[in-house]
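Visitor: Numbering (the working numbering), first residue to last: -19 to 160.
The beta-carbon is built from N, C-alpha and C at its ideal position, and this holds for glycine as well.
Can you keep this structure in mind? I'll have questions shortly.
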Amino acid sequence: MSAPFIIPFFLRMEGCPGRCAYCRQEIAQEEIITEASQISELLKKSLLCRPVGRQCEAAFFGGSFTALPAERRRELYSSVRPFIEDGSLNYIRVSTRPDNISRDLAVEMFENGVRIVEMGVQSLNEKVLSLVNRGHDALCPFSAAEILKECGIQVVWQLMQGLPGSSPEDDIETLRQSLG
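Take a look at the structure:
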């Protein structure tokens, strides 16, 4: 199966409860398209280029989708919903933090077409998580992933190597535990 055709939207720092030591999202992109009408227009244009036979998804990257206010999440869902309903989009992908996952949010996401969550795990080393001001412990990603899977959502873990306080051995151990 070929990779999906992804139409990305970058939610620069939206929903982030703090700032991790490595984050520089404020310089990541000059033009940010996040208003519902802008999203709809870009989806219309992007779908004209959709490769035949490939699944297509809208993706909300950056920030922490599940930490957005409910009204903002509803706005983003509504901008994509018509394209899912007419079959031009297959699903939504979002990125978020593991400490911002609950069963209610997972159900809400599934009901609104989210089928993949990219979860910013970064590390499973307590010392490293503390040094980078991550705001959650190393067990949090495991319980968040379980909730998402139980609700029918695929989980992708984002890991970072070479974080402050980390050694190559720590990074390998994080990878081992992630695959475990």
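Would you say residue 127 and residue 86 are within 8 Å of each other, going by their C-beta atoms?
Guide: It is a contact, given that the beta carbons lie within the stated cut-off.
Visitor: Any idea what DSSP makes of residue 39, helix, strand or coil?
Guide: Looking at residue 39 - three-state DSSP - the assignment turns out to be strand.
Visitor: DSSP three-state call for residue 112: helix, strand or coil?
Guide: Correct three-state label for residue 112: coil.
Visitor: Residue 111 and residue 145 look like a contact to me (Cβ under 8 Å); what is the Cβ gap, rounded to whole Å?
Guide: 4 Å between Cβ atoms; contact.
Visitor: Going by DSSP in three states, residue 140 sits in which element: helix, strand or coil?
Guide: Coil, per DSSP.
Visitor: Could you have a look at residue 75 and say whether DSSP puts it in helix, strand or coil?
Guide: Looking at residue 75 - three-state DSSP - the assignment turns out to be strand.
Visitor: How many Å lie between residue 125 and residue -15 at the Cα?
Guide: In a straight line, the C-alpha of residue 125 is about 24 Å away from that of residue -15.
Visitor: May I have the straight-line CA-CA distance separating residue 52 from residue 142, to the nearest angstrom?
Guide: Roughly 34 Å separates the two Cα atoms.
Visitor: Going by beta carbon distance, what residues of the same chain come within less than 8 Å of residue 161, once the five residues before and after it are set aside?
Guide: As displayed, the chain neither begins before -19 nor continues past 160, which places residue 161 out of reach and without an answer.
Visitor: From 113, 133, 108, 102, pick the residue whose C-alpha is nearest to that of residue 91; which is it?
Guide: Out of 113, 133, 108, 102, 133 has the C-alpha closest to the C-alpha of residue 91.
Visitor: Have a look at the DSSP bridge pairing and note the partners of residue -11.
Guide: In the DSSP output, where bridge partners are listed per residue, residue -11 has 40.
Visitor: Using the Cα positions of residue 71 and residue 93, report the straight-line distance between them to the nearest angstrom.
Guide: Spanning the two alpha carbons is a distance of roughly 5 Å.
Visitor: Does the beta-carbon distance from residue 40 to residue 56 come in below 8 Å?
Guide: Result yes, Cβ atoms of residue 40 and residue 56 sit closer than 8 Å.
Visitor: List the residues that DSSP assigns as beta-bridge partners of residue 99.
Guide: The partner list for residue 99 (beta bridge, DSSP) reads 76, 137.
Visitor: Just the C-alpha distance for residue 10 and residue -10, rounded to the nearest angstrom, thanks.
Guide: Model confidence at residue 10 stands at a pLDDT of 49, short of 50, so the residue's coordinates are unreliable; what they give is reported in the following sentence. Straight-line Cα distance between these residues: approximately 11 Å.
Visitor: Is residue 155 near residue 139, with beta carbons less than 8 Å apart?
Guide: Yes.
Visitor: Alpha carbon to alpha carbon, what distance is there between residue 95 and residue 207?
Guide: Residue 207 is absent from the structure shown; the chain starts at -19 and stops at 160.
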